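Trainee: Sequence lines, in order, name chains A and B. The first sequence begins at 4 in the numbering used here and counts up one residue at a time. The second sequence begins at 4 in the numbering used here and counts up one residue at a time. Glycine is no exception: its CB is placed at the ideal position from the N, C-alpha and C atoms. Since this is a predicted model, take the numbers as computed values, not measurements. First the structure, then my questions, so here it is.
2 protein chains.
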Amino acid sequence: MEDDGLLQYLRGMVDHVIRASDLYQRTRSVLERDKPDIRIVIAFGKASVPMAKAAVEVLGDRVEGGVVVIPRWREPVKLGNLEVIQANHPVPDEGSLEAGEAVIEWSRAASGKGLLVLVSGGGSALVEKPQEGLTLEDLTRTTKLLLNSGANIHEINTVRKHLSMVKGGWLAKHAEPGPVYAYYASDVPGDRFESIASGPTAPDPTTYSDALLVLKRYELLGKVPMSVIKVLEEGASGRRPETPKPDDPVFRNVSNKLVAANIDVLIGLQNVLEEDGFNTLILTSRLDGDSREVGKALASITLEILERGVPIRPPAALLLGGETSVKVKNPEGRGGRNQELALSWLLHVDKWLTDYGRVGLLAMDTDGIDGNSPAAGAIVVSGMSKLARDKGFDPYLYLEENNSYELLRAIGSTIETGGLDSNLNSVVIILIKKI
Amino acid sequence: MEDDGLLQYLRGMVDHVIRASDLYQRTRSVLERDKPDIRIVIAFGKASVPMAKAAVEVLGDRVEGGVVVIPRWREPVKLGNLEVIQANHPVPDEGSLEAGEAVIEWSRAASGKGLLVLVSGGGSALVEKPQEGLTLEDLTRTTKLLLNSGANIHEINTVRKHLSMVKGGWLAKHAEPGPVYAYYASDVPGDRFESIASGPTAPDPTTYSDALLVLKRYELLGKVPMSVIKVLEEGASGRRPETPKPDDPVFRNVSNKLVAANIDVLIGLQNVLEEDGFNTLILTSRLDGDSREVGKALASITLEILERGVPIRPPAALLLGGETSVKVKNPEGRGGRNQELALSWLLHVDKWLTDYGRVGLLAMDTDGIDGNSPAAGAIVVSGMSKLARDKGFDPYLYLEENNSYELLRAIGSTIETGGLDSNLNSVVIILIKKI
Chain A
4 MEDDGLLQYL
14 RGMVDHVIRA
24 SDLYQRTRSV
34 LERDKPDIRI
44 VIAFGKASVP
54 MAKAAVEVLG
64 DRVEGGVVVI
74 PRWREPVKLG
84 NLEVIQANHP
94 VPDEGSLEAG
104 EAVIEWSRAA
114 SGKGLLVLVS
124 GGGSALVEKP
134 QEGLTLEDLT
144 RTTKLLLNSG
154 ANIHEINTVR
164 KHLSMVKGGW
174 LAKHAEPGPV
184 YAYYASDVPG
194 DRFESIASGP
204 TAPDPTTYSD
214 ALLVLKRYEL
224 LGKVPMSVIK
234 VLEEGASGRR
244 PETPKPDDPV
254 FRNVSNKLVA
264 ANIDVLIGLQ
274 NVLEEDGFNT
284 LILTSRLDGD
294 SREVGKALAS
304 ITLEILERGV
314 PIRPPAALLL
324 GGETSVKVKN
334 PEGRGGRNQE
344 LALSWLLHVD
354 KWLTDYGRVG
364 LLAMDTDGID
374 GNSPAAGAIV
384 VSGMSKLARD
394 KGFDPYLYLE
404 ENNSYELLRA
414 IGSTIETGGL
424 DSNLNSVVII
434 LIKKI
Chain B
4 MEDDGLLQYL
14 RGMVDHVIRA
24 SDLYQRTRSV
34 LERDKPDIRI
44 VIAFGKASVP
54 MAKAAVEVLG
64 DRVEGGVVVI
74 PRWREPVKLG
84 NLEVIQANHP
94 VPDEGSLEAG
104 EAVIEWSRAA
114 SGKGLLVLVS
124 GGGSALVEKP
134 QEGLTLEDLT
144 RTTKLLLNSG
154 ANIHEINTVR
164 KHLSMVKGGW
174 LAKHAEPGPV
184 YAYYASDVPG
194 DRFESIASGP
204 TAPDPTTYSD
214 ALLVLKRYEL
224 LGKVPMSVIK
234 VLEEGASGRR
244 PETPKPDDPV
254 FRNVSNKLVA
264 ANIDVLIGLQ
274 NVLEEDGFNT
284 LILTSRLDGD
294 SREVGKALAS
304 ITLEILERGV
314 PIRPPAALLL
324 GGETSVKVKN
334 PEGRGGRNQE
344 LALSWLLHVD
354 KWLTDYGRVG
364 LLAMDTDGID
374 GNSPAAGAIV
384 VSGMSKLARD
394 KGFDPYLYLE
404 ENNSYELLRA
414 IGSTIETGGL
424 DSNLNSVVII
434 LIKKI
């Protein structure tokens, strides 16, 4: 009969992915180690609940108060004496403005007492306080124009930080003279504090003039709202306060640390796989590109390992993390970046391989939700496209119509974990059996 | 001033790519080593000229005659006493039929005398002899339908071999009892003899019935020309001869050897780079996927190496080979798979990096021709997208409109070698400087 060894093994890896990306445990560990002397807690981002829970449990009575900002879809929970506010993600809403006010208020209240800031991805939308004279729409429209302009990440952030009173170090500045202990869970490529949730406690070396130059460079001066130009020009002529610079005294009392990033999940999984006898290779923790095309490229690496033992010899495990993208052609299709990558990989592997279960792939999001589907991702092994065809599916059509979930569920390939309280992007594990 | 070290170094690598993929030298070496006892020479494929030249020089007077089939765009050259025929590629034409007749005639003439067969990619179109009752159009139409059906490579070849009298071992069979010495330069992923130019001297384990099953499986029985069904059904009922099977006595006197494949080029380059102090990693010799998206994914691996030394530490060199694909939106654009990959990689690297020349990429085709452009490929280093913008180019637009050549030429990035007599697919070298 068919050999389900690799399939079973990969199913067992799902728990390891969840464990390796658990932000409650990771936050707990670093707080127990650091024991920061704080009285106020501010947590925001898609993983604010597990991070705040760890803080409340470790720091207990020391916490006088604070605020936790959670995404609207997340069921509110009781977190000690912390205020809980719901706001929208990825597009900010009124809740985000309410959260912005609360965050600034609690920062000021923490002045001289000790502030703990727990930041995770999504925080940039969940908490906002536009500069006076600007609306939320001004901010979102400007961001959108910048994203489509060809400007690099640093240039985009230069503008965004100068339109906000929480981003670009402002949160830390409100808590002056500190101390501020900030812990970040990264969902951004490169894992720099200044980029995670737009760096609310990270110094900002850029200026209003730099922001204007960026708009000029990408010919956006005539496209962004007039109010944005007004704010930046007033700032450039000294009529608005600059974001706090690296030499600002407040940063002597600010500590920024990384609690976890995608690379930590990959290293955790690598350890498990090596113990189980696999030769392992982490390719990247910041994977990018269209899911289907990346699936193809990864199939080509998989086949080279199988046939030539290059770049590593079977039994081999390739690890990648990050976020691929999906081109949506059919808005009614169900699926996500991980499921499209898995299905595409499978189809390209099955073009060449006839053995069932010789190679396998797991792709899932650490937040438990892949795209618009109820699944976290999928597990596939070579030969499975035949199962789909036998059930009457045309796999290429399902891939083309963004319907990867329907097909993968029908062959028992989906990973269904429900929403997980983490936000460390996706992980891909590819296994190649020994011949 | 700007540091052009990496750029200069990569320019120097072009010669190494050419040398590592030189099929004249490689063929010469194996023939000098093997000294096959032959009288007749048949060479076909995009690299038939350098391979035949090596044979004529090494074997000299021993060669009584034979035929060399070259692509129409290749200027004919004198090759000893060998007949030279021009034919079309990738779509076969009348020349291909003429070549098919000549190849079969020379194979028969070689019976008992010793036949040297030199095969390179493209040979499948350059030489054809359809089974009686079939036209060239029947063959090309059937192949096209199979390629779009989801059938895997083995399934496609199963059908194609049963429609031809030169593919699937037939060429060797015509020269029975041999001996036949065949040398292959591979341009196919996996480098199997049965796949290169459809394996004219490789045994074929598949049958007419298998071919009919493939057409049935992909619901093509009603779509392929009627004449194709007729040939396969006659074959299945024993009224046409089967392709020669692995136990056919002729194969006791047939030797198939690989002269070169893409992996050999990569290993050659790896040696050069290691001598120059780079830590190297070959990722795959059978790269697949859309050029732009693969460029993005490779940028993410490049940045991880730069920032974390994962999977290898700088100074690092990543090597890949194979063939990515290009989605043509604008047929008037000029460029190719290598130039689109290079430009996309550059844009994604420059999104994150500000240092000129910290990382660099070379992508070129070993045949010297990238897509519909006069270039073989391109060399880019981080920071170069600014050069393009300074010259008034919108790089995303040029990429979108398949105009990579225009932009890359304007910033001095193209590699212009002219057509090279090789056909070992493309190579990509990515270099990351030590910090």
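Where does A102 (chain B) sit, in a helix, a strand or coil, going by DSSP?
Mentor: A102 (chain B) falls in the helix class under three-state DSSP.
Trainee: Run through DSSP, which three-state label would N274 (chain B) get?
Mentor: Residue state, collapsed to three classes: helix.
Trainee: Looking at C-alpha atoms only, which residue of A:V431, A:D424, A:N428 is the closest neighbour of A55 (chain A)?
Mentor: Among A:V431, A:D424, A:N428, the Cα nearest to that of A55 (chain A) belongs to A:D424.
Trainee: Does any C-beta atom of chain A lie closer than 8 Å to the C-beta of D368 (chain B)?
Mentor: With 8 Å as the cut-off, D368 (chain B) does not count as an interface residue toward chain A.
Trainee: Check whether the segment 138–149 of chain A and the segment 175–184 of chain A are in contact - that is, three or more C-beta pairs closer than 8 Å.
Mentor: Segments in contact, no.
Trainee: Should K248 (chain B) be flagged as near chain A, meaning a C-beta pair shorter than 8 Å?
Mentor: Not an interface residue.
Trainee: Return yes when the Cβ of G415 (chain B) is within less than 8 Å of the Cβ of G386 (chain B), no when it is not.
Mentor: Taking 8 Å as the Cβ cut-off, G386 (chain B) and G415 (chain B) do not qualify as a contacting pair.
Trainee: Leaving out five residues before and five after G280 (chain B) in sequence, what residues of the same chain have Cβ atoms less than 7 Å from its Cβ?
Mentor: Contacts found: P318.
Trainee: Using a Cβ cut-off of 8 Å, pull out every chain B residue sitting near S303 (chain A), in sequence order please.
Mentor: Chain B residues near S303 (chain A): P192, T287, R289, L290, D291, G292, G325.
Trainee: Go through its chain and collect everything with a Cβ distance to E101 (chain B)'s Cβ below 8 Å, but skip five positions before and after it.
Mentor: Around E101 (chain B): I88, A90.
Trainee: Around the Cβ of W76 (chain A), are there at least 16 other Cβ atoms within 10 angstroms (buried) or fewer (exposed)?
Mentor: Exposed is the call here.
Trainee: Between which two residues does the beta strand (DSSP E) holding T283 (chain B) run?
Mentor: T283 (chain B) -> beta strand (DSSP E) spans 282–290.
Trainee: Return the chain-ordered list of same chain residues with a C-beta closer than 6 Å to the C-beta of V59 (chain A), the five sequence neighbours on each side being excluded.
Mentor: L82, G83, listed in sequence order.
Trainee: First and last residue of the beta strand (DSSP E) that includes I199 (chain B)?
Mentor: That residue, I199 (chain B), is in no beta strand (DSSP E); it is neither H nor E in DSSP.
Trainee: In the DSSP assignment, the beta strand (DSSP E) including P74 (chain A) goes from what residue to what residue?
Mentor: Start and end: 68–74.
Trainee: Among B:G15, B:G338, B:K354, B:P249, which one has its Cα closest to the Cα of G380 (chain B)?
Mentor: Ranking the options by Cα distance to G380 (chain B), first place goes to B:G338.
Trainee: List the DSSP bridge partners of K260 (chain B).
Mentor: Bridge partners of K260 (chain B): B:Y186.
Trainee: From the DSSP secondary-structure annotation, give me the bridge partner or partners of K364 (chain A).
Mentor: Per the sequence presented here, residue 364 (chain A) reads as Leu, with Lys not at that position. DSSP lists A:V383, A:I433 as partners of L364 (chain A).
Trainee: Measure from the C-beta of K299 (chain A) to each C-beta in chain B and report whether the shortest distance is under 8 Å.
Mentor: Chain B, which has a Cβ nearer than 8 Å to the Cβ of K299 (chain A), makes this yes.
Trainee: Only counting the same chain, and skipping five residues up and downstream in sequence, which positions put a Cβ closer than 6 Å to that of A113 (chain A)?
Mentor: Only I43, A178 meet the Cβ criterion.
Trainee: For P154 (chain B), which of B:L223, B:D207, B:L119 has the nearest alpha-carbon?
Mentor: The residue you asked about is not Pro; residue 154 (chain B) is Ala in the sequence shown. Selected option, being the one with the closest Cα: B:L223.
Trainee: With 16 as the cutoff for other CB atoms within 10 Å, does L119 (chain A) come out buried or exposed?
Mentor: By the 10 Å Cβ count, L119 (chain A) comes out buried.
Trainee: Measuring only the C-alpha atoms, how far is P53 (chain A) from A263 (chain A)?
Mentor: Those two C-alpha atoms are separated by around 13 Å.
Trainee: Less than 8 Å between the beta carbons of P208 (chain B) and D251 (chain B), yes or no?
Mentor: Going by C-beta atoms, P208 (chain B) is not nearer than 8 Å to D251 (chain B).
Trainee: Measure the alpha-carbon distance for N406 (chain A) versus N333 (chain A) and round it to whole angstroms.
Mentor: Each residue's alpha carbon lies about 8 Å from the other.
Trainee: For S167 (chain A), which beta-bridge partners are listed by DSSP?
Mentor: Per DSSP, A:P133.
Trainee: Go through the segment 198–230 of chain B residue by residue and report every complete run of the alpha helix (DSSP H) that reaches 4 residues or more, in order.
Mentor: Listed in chain order, they are 211–220.
Trainee: Based on DSSP bridge pairs, tell me the residues matched to D293 (chain B).
Mentor: Note: D293 (chain B) sits in a beta bridge opposite B:S328.
Trainee: Can you find a C-beta in chain A that's less than 8 Å from the C-beta of V313 (chain B)?
Mentor: With 8 Å as the cut-off, V313 (chain B) counts as an interface residue toward chain A.
Trainee: Between which two residues does the beta strand (DSSP E) holding L119 (chain A) run?
Mentor: It spans 118–123 - the beta strand (DSSP E) in which L119 (chain A) sits, taken as one unbroken run.
Trainee: Is it right to say P203 (chain A) is buried, meaning 16 or more other beta carbons lie within 10 angstroms of its own, or is it exposed?
Mentor: Its Cβ being crowded by 16 or more others within 10 Å, P203 (chain A) is buried.
Trainee: Cβ closer than 7 Å: which chain B residues qualify as neighbours of K354 (chain A)?
Mentor: In chain order: N155, I156.
Trainee: Could you tell me whether the Cβ atoms of G271 (chain A) and T327 (chain A) are closer together than 8 Å?
Mentor: Their beta carbons are not under 8 Å apart, which means G271 (chain A) does not touch T327 (chain A) by this criterion.
Trainee: Measure the alpha-carbon distance for L148 (chain B) versus T138 (chain A) and round it to whole angstroms.
Mentor: L148 (chain B) and T138 (chain A): Cα-Cα distance of roughly 56 Å.
Trainee: Give the range of the beta strand (DSSP E) segment to which V87 (chain A) is assigned.
Mentor: Residues 86–90.
Trainee: List, in chain order, every chain A residue whose beta-carbon is nearer than 8 Å to that of Y399 (chain B).
Mentor: Here the neighbours are G153.
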